[in-house]
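A.B. asks:
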Amino acid sequence: QDIMQRVIKRLMSQSLSVAFERWCDNVGELKALRALMQRTVARMRQLVLLAAFERLVENVEGLRGVAEHAKDEMRNRARTCRMVSRMANACVWKSFHRLHQHALAHACAR
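If you use our numbering, the sequence shown corresponds to residues 20 to 129, in order.
(1) Express the C-alpha separation of S34 and I27 in angstroms, rounding to a whole number.
(2) Does R129 come out as helix, strand or coil in the three-state DSSP assignment?
(3) Taking 7 Å as the limit between beta carbons, can you name the residues of its chain near F115, skipping five residues before and five after?
(4) Which class does Q20 belong to by DSSP, given the choice of helix, strand or coil?
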């Protein structure tokens with residue numbers, strides 16, 4: 020009976036040892052899997068950040084284009100205003116010149 024107890028004890032110990040080994044293996048696999056998942060999530064975060072940064076750069080470049088277009092429009096508008104002003108001044112000058120010529124002609128006729 021004493022031998023039987025030792026055999027059973029040894030078998031139980033062996034069974035516990037195998038179970039503990041399996042548990043240790045599982046813990047090691049879980050650690051490796053966790054590290055892999057952390058690297059994967061870090062890469063995904065980097066990709067998301069990269070995409071957001073690229074969109075930001077595109078938006079800034081787009082705004083620069085809009086700003087350049089607005090500057091061009093303002094320059095064109097200023098040029099147009101100057102041209103219209105010159106044309107109006109020329110018309111006013113011609114009117115005064117005609118008036119002056121008419122006044123001179125009227126004065127000479129008297």
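All C-beta atoms in this analysis are idealised placements derived from N, C-alpha and C, irrespective of residue type, glycine included.
C.D. replies: Judging by the given coordinates:
(1) 10 Å
(2) coil
(3) none
(4) coil
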